[in-house]
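Since the structure comes first, as structure tokens, the remarks are kept for the end.
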Amino acid sequence: MKISIYFTFLLPLNIIAAETVNYPAPLTLFTQQGGEVVSSFKAPANMTGYIANFQNETITLYVTGDEKYLFTGPLMDAEGNSVGEEKLNAYVNGPKAVKNWQALENSHWVRDGSASAKRIVYTFTDPNCPYCKQLWHKARPWVDSGKVQIRHILVGILKADSLGKAAAILSADNPEEQLKKLAGSGLFQSIKPIENPEKKIRDKLINNYKTMLSLGARATPATFYLNANGEFNKQIGLPPESILADIFTPNDGK
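Here the sequence shown stands for residues -17 to -1, 1 to 237, where the numbers follow mature numbering (1 follows the signal peptide of the UniProt record, and there is no 0).
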């Protein structure tokens, strides 16, 4: 998945304030089912197009001129062009990308690497995830260079004791050293879980998981980064060797 975070608005968008708009009946039903309408645009045949978020995906919707019918998906013209594609990309490549990166920044993460490293990579990590451990080791050359920091957003989803193990790391006097010790030595499995984490720690882990879901990730590791072109990317699962450099190489290419 590649989206640019550099261009906040690529095309003019009519951003909708939901509380001030009287939607057509089909669109009202869509919002009642959990959909979020973010912009509108003129479409062919007297229709109105909408850009919307639904179940962590961004989609295009079209309402007919009589406002009685709604359909979703690509609307193609006679030349095979998708009518709403540019509008969709304008939102995904701009406001949504910025919002997603801010959500990562605001999550409860544990740093691996130098705090002064300008290259930042976020990854969702479960203490019981074997692929998270592999990713840790594969990232060593870049992290050890001092130019890359990985921000591990801890979650507890894989096993019954995952939450307790994640809580044990977050509750440590020095979570960064605890993470380094456990991941670096392959001792994730030996973490003694906290059976009843304090509410503050539990809330942090729950919020991390909500952030993970909001970004469309359902498995760990789930890694998010900006590539050399400033494009916001996500990689679900253990990244293949072919894209490790894309993930971890600092923006100066060194």
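By construction, the Cβ of each residue, glycine as well, lies at the ideal position given by its N, Cα and C atoms.
DSSP places residue 137 inside the beta strand (DSSP E), whose first and last residues are 131 to 137.
Put simply, of 45, 76, 47 and 27 the residue whose alpha carbon is nearest the alpha carbon of residue 61 is 27. In the displayed model, residue 190 falls within a helix according to three-state DSSP.
Secondary structure within the segment 29 to 62: the beta strand (DSSP E) runs of 3 or more consecutive residues, fully enclosed, are 30 to 37, 40 to 46 and 53 to 55 (chain order). Non-local C-beta neighbours of residue 132 in its own chain, meaning closer than 8 Å and more than five positions away in sequence, comprise 94, 95, 96, 97, 98, 100, 102, 103, 104 and 126, ordered along the chain. Each of 139, 185 and 135 was checked against the Cα of residue 161, and the nearest Cα belongs to 135.
Residue 219 sits in a strand when the DSSP states are folded into three classes.
Beta-bridge pairing by DSSP links residue 19 to 36. The beta carbon of residue 199 sits closer than 6 Å to those of 39, all from its chain and outside the five residues before and after it, given in chain order. Note on geometry: alpha-carbon atoms of residue 14 and residue 130 lie some 44 Å from one another. Around the beta-carbon of residue 4, fewer than 16 other beta-carbon atoms lie within 10 Å, marking it exposed.
Nearest C-alpha to residue 70 among 23, 115 and 112: 23. Checking the DSSP bridge columns, you'll see residue 65 partnered with 59. With a cut-off of 8 Å on Cβ pairs, the segment 223 to 236 is not in contact with the segment 172 to 192, counting fewer than three such pairs. Remark: fewer than three beta-carbon pairs, one from each stretch, lie closer than 8 Å, so the segment 144 to 155 and the segment 41 to 58 are not flagged as touching.
Take residue 35, set aside five residues on each side of it, and the residues of its chain with a beta-carbon closer than 8 Å to its own are 13, 18, 19, 20, 21, 41, 42, 43 and 44, in chain order. Under the three-state reduction of DSSP output, residue 163 falls in the helix class. Using a 10 angstroms sphere on the CB of residue 182, the tally of other CB atoms stays under 16, which defines it as exposed. C-alpha of residue 109 to C-alpha of residue 234: approximately 28 Å in a straight line. Residue 197 is classed as exposed because its beta carbon has fewer than 16 other beta carbons within 10 Å across all chains shown.
Take residue 141, set aside five residues on each side of it, and the residues of its chain with a beta-carbon closer than 8 Å to its own are 109, 111, 112 and 203, in chain order. DSSP places residue 144 outside both helix and strand once states are collapsed to three, so it counts as coil. Of 210, 139, 167 and 220, the smallest CA-CA separation from residue 193 is found for 139.
When DSSP reads this structure, residue 93 sits in a beta bridge with 135.
For residue 123, the enclosing alpha helix (DSSP H) covers residues 123 to 127. Nearest to residue 205 by C-alpha distance, out of 213, 189 and 222, is 222.
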